[in-house]
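Numbering (my numbering), first residue to last: 55 to 180.
What follows is the structure, given as structure tokens:
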């Protein structure tokens, strides 16, 4: 496990700019960007004191077949679940923000979400 003091868990300024750009443009992380996704996941696992007895539920990754192999290097993949709902339902859930966890998320505007859904359908949901 990576130590909380491991400097590899800290993000560089260019990584932060890149992540913000991906979110602002409604893009997906490509396979070549997986080292950054790995860093995000490893940082989360470290902050949450994740142990081998815990279950990690990922939402939105892996998005490409190549990322499945990369994720497997971090954690054993036991099950893949694909939840399906209509575009209208996605927009309604974002608008209603029942749990309050969507507040202040600039990547949740309807145009970006629509773009992400189209990209997901084209590239991932095969």
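For glycine and all other residues, C-beta sits at the position ideal for the given N, C-alpha and C. The model shown is predicted, which means the values in this text are computed figures rather than measured ones.
Nearest-angstrom Cα separation, counted from residue j out to residue i
i           : j           : result
residue 163 : residue 89  : 27 angstroms
residue 67  : residue 76  : 14 angstroms
residue 97  : residue 127 : 15 angstroms
residue 58  : residue 105 : Per-residue confidence for residue 58 stands at a pLDDT of 45, beneath the threshold of 50, marking its modelled position as unreliable; the derived number appears in the next sentence. So the alpha carbons of these two residues sit roughly 14 angstroms apart.
residue 169 : residue 140 : 14 angstroms
residue 147 : residue 154 : 11 angstroms
residue 92  : residue 136 : 21 angstroms
Member of the options whose CA lies at the smallest distance from the CA of residue i
i           : options              : result
residue 113 : 86, 100, 151 and 133 : 133
residue 108 : 131, 124 and 116     : 131
residue 80  : 167, 175 and 176     : 167
residue 143 : 93, 178, 129 and 171 : 171
residue 95  : 78, 86 and 115       : 115
DSSP three-state assignment for residue i, whether helix, strand or coil
i           : result
residue 153 : coil
residue 68  : helix
In chain order, which continuous runs of the alpha helix (DSSP H) of length 4 or greater are located wholly inside the segment 80-132? Taking only runs of at least 4 residues, the alpha helix (DSSP H) segments lying wholly in the segment 80-132 are 88-101 and 119-126.
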